[in-house]
Amino acid sequence: MISQKTLDEILFGMERLPELPAVALQINRMMDDPQTGAQDLAKIIMLDPYMTSKVLRLCNSATYGFARRIATISEAVSILGYRELKQIVFSIISHSFLDRPIQGYSLEKGALWQNAITCGTYARHIAKKINYKDRELVFIGSLLRDVGKVALSNYLIGKEEILNAVVLKEKCSFDEAEEMVVGINHTEIGKELALRWHLPDSLVHTIGFHHHPTRIPDSTPRDIKTLVALVHLADTYTMMTGTGVGIDGLMYPLDAKIFELLPIRIDNGELEVLYSELLSLQDEINMITNSFK
Amino acid sequence: MVAQTTKEIIVPVGEFCLSSNSHEILKALRVAASIVVVAYDPTAGRGGIAHMALPESKIASGNDRAPGKFVDLGLPLFIEAITKHGGDKAHLQIKIVGGSQLFNFGGGSGNLLNIGTRNAITARTILNREGLPVEKTETGGNKPRNVMLDIATGQVQVSHPGESPRII
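Chains as they are written, first to last, in my numbering: chain V, 26 to 318; chain U, 2 to 169.
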C-alpha cells in the first residue's frame, strides 16, 4: 500500500501537470445541476480569454464545418448547445494534459492524445448504438480516463523490464503490476486527481475503474456502471488498434461481465462487426485531432 | 552530385503500399491486433507492405467493406499488385508481423475478440493457398509493433514501443 506522502509526492511532484483551469472547475459544479443552461456556460467561458479563443478556433474548424464564421461564444452556444460546448471545453482541457511526451510509457508527444480521441470517438459511437443517453459524458470520460498516466509516467522510467516480469510471473494486468512495482497504478492516481478537481462521481468512477469495471462498488448507480462498462469496451477496441499504446501494450483483460450491463451480445461475430464499424471512424478521429494542431 | 535523402512512407491500417525506389522505407506503426504482410523480391529490388485489420470480409457490408481492411480480400490483391508491378512470385520473401492479443490469463473473456490470432492464421492460410512460403513470422504477444521495410536492402525491422528495432 502506498503511503499518503508518496501519493502526494506523485500528485504534486509533477510540476508539468497543470492544475484544472478555473473555468473547468466552475463547469464541473454546473454539470450535475439540471438548471444549468447554455448561456450560463457561455458566461463562464467568456471569463477565460485562453478558453474563449480555443473554443472559437475549434468551432470554426473542419470538425464542425459551418458555412459561416462563428465570432462570439454566445453565437457558438446558440448554434452548438450546452452539451456540445461542454464536450469542446473538456477536449481543450484534456488536450492540455495529454498532448505531451509520456516517457515512462514510451509515448511520444501526441500519442496519448490520439489514443484519448480514438477512445472517445469509439465510446460515443457505441453509446449512440445502444441508446445511452449522455454521449457527451461518455466522450469526456474516455478523454480523461488515462490522465493518471501523465502523473505516473516519471515513476515508470527504467522499470519496463520489471513490470513485464511481474505481469508474466503474477499473471496480472499491467495496472496491477504498476501497483506492485511503484505502489500505485495509473487509474488510482487518475481517480485521486479527479477527486481533487471535484469532477462528478461519474467521471471519478470512469477514470478509476475503466480497466476493471466490475470492481466498481455495488452501490454505484446503474447509469454510472453502464458508463464505465461502455468506456471499458471502447478502451479495449482502442488498444486493439494500437493507437497511442505504449509499454503497457494490450496487457489488460476484457471483462466479459460488462455485457450484463450493455445491450450487446457476447458473440465474436457481433463484436467483430462493431470493431469494423469503429475502424471506419478514422476520418472523424483525424479531423478532431487535426483541429487541435 | 546531391545525395538523395531517404523518404519514409507510413502505411495506415486498411491500405497497402508498393515501392521499387531504393530511397524509400515503408513503415507500419503500432500494429496491434492488425496484421502486416511484408513481401520483397530481391532480384527486382521491389517490395511492399499490406496492413490489414480484420480476418474476413463476410462480416461487413457497404462502405465498411473496404478491401484493404480485410485479410481475405486485401492480401490476394496485394500479391496480385506486387506481381503485376514486376515482382516475381518465385522470388518473394514473405514476412508476417502483428496479430497481438488482448490480455487473458484465464480471465472471463475466453476467446472474445481474438482478432489478432485469427488475422495471423488467415494470412498464413491465404499465402499457403497462393503457394508463397513464409520466411519469418513474428505474431502474437500483447504488445504493438512497428514494422519497417527498407526497399534498398529488403531488410525488415520490428520493434515494440520503447525498444530498439530488431532485424527479422
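Glycine included, each C-beta is placed from N, C-alpha and C at the ideal position.
| Check | Outcome |
| --- | --- |
| Comparing C-alpha positions only, which one of U:E164, U:R146, U:G155 and U:P166 sits nearest to A29 (chain U)? | U:R146 |
| Quick one: list the residues of chain U neighbouring L185 (chain V), beta-carbon separation under 8 Å, in chain order. | Here residue 185 (chain V) is Glu; the residue named in the question, Leu, does not match the sequence. Per Cβ cutoff of 8 Å: G163. |
| Locate the alpha helix (DSSP H) running through Y262 (chain V), then write down its first and last residues. | R247 to T266 |
| Could you check where the beta strand (DSSP E) with C18 (chain U) kicks off and where it finishes? | E16 to S20 |
| Which chain V residues sit within Cβ distance under 8 Å of I152 (chain U)? | In chain order: nothing, as chain V lies at least about 24 Å away. |
| How many Å lie between T97 (chain V) and L81 (chain V) at the Cα? | 7 Å |
| Please list, in chain order, the residues of the region 25 to 48 of chain U that have any C-beta partner in chain V closer than 9 Å. | L30, R31, V32, A33, A34 and S35 |
| Beta carbons nearer than 7 Å to chain U: which residues of the region 262 to 273 of chain V have them? | M264, M265, T266, G267, T268, V270, G271 and I272 |
| Using the Cβ count rule (16 or more neighbours within 10 Å means buried), how would you classify K134 (chain V)? | exposed |
| By the criterion of Cβ-Cβ separation under 7 Å, what are the contact partners of N143 (chain U) in chain V? | G274, L275 and M276 |
| Kindly provide the ranges of any beta strand (DSSP E) runs that are 3 or more residues long and lie completely inside the region 3 to 88 of chain U, ordered along the chain. | 8 to 11, 16 to 20, 25 to 32, 36 to 42 and 47 to 53 |
| Tell me the rounded alpha-carbon separation between I97 (chain U) and S119 (chain V). | 37 Å |
| So, with DSSP's three-state summary, where would you put P74 (chain V)? | helix |
| In angstroms, rounded to a whole number, what distance separates the CA positions of K137 (chain U) and I169 (chain U)? | 7 Å |
| Taking one C-beta from the region 142 to 156 of chain V and one from the region 187 to 203 of chain V each time, how about it: are there three or more such pairs within less than 8 Å? | no |
| Are the CB atoms of F234 (chain V) and V253 (chain V) nearer to each other than 8 Å? | yes |
| Measuring CA to CA, which of V:E204, V:L83 and V:V256 is closest to V229 (chain V)? | V:V256 |
| What residues from chain U crowd round I301 (chain V), counting only those whose CB sits closer than 8 Å? | The question names Ile, but residue 301 (chain V) in the sequence shown is Ser. Under the 8 Å cutoff, chain U gives A54, L55, I60, A61, D65 and K70. |
| Whose CA, out of U:A45, U:N115 and U:G132, lies closest to the CA of D89 (chain U)? | U:A45 |
| Around the Cβ of Y75 (chain V), are there at least 16 other Cβ atoms within 10 angstroms (buried) or fewer (exposed)? | exposed |
| With three or more beta-carbon pairs closer than 8 Å as the criterion, would you say the region 122 to 129 of chain U touches the region 296 to 303 of chain V? | no |
| Measure from the C-beta of P11 (chain U) to each C-beta in chain V and report whether the shortest distance is under 8 Å. | Note that residue 11 (chain U) is Ile in the sequence shown here, rather than Pro. Not an interface residue. |
| Contact between the region 207 to 222 of chain V and the region 160 to 176 of chain V: three or more CB pairs below 8 Å? | yes |
| Say whether the region 149 to 163 of chain U touches the region 14 to 33 of chain U, bearing in mind that this needs 3 or more beta-carbon pairs closer than 8 Å, one atom from each stretch. | yes |
| Please state the DSSP three-state secondary structure of E131 (chain U). | coil |
| Under 8 Å: do the region 45 to 56 of chain U and the region 64 to 76 of chain U share three or more Cβ pairs, one atom per stretch? | yes |
| Is the shortest distance between the beta-carbon of A259 (chain V) and the beta-carbons of chain U less than 8 Å? | no |
| Mapping the DSSP letters down to three states, classify L296 (chain V) as helix, strand or coil. | helix |
| Consult DSSP for R146 (chain U) and reduce its assignment to one of helix, strand or coil. | strand |
| D124 (chain V): which of V:E185, V:P242, V:I142 and V:L105 sits nearest, CA to CA? | V:I142 |
| Please list the partners that G294 (chain V) has in chain U, where partner means a Cβ-to-Cβ separation under 9 Å. | I60 |
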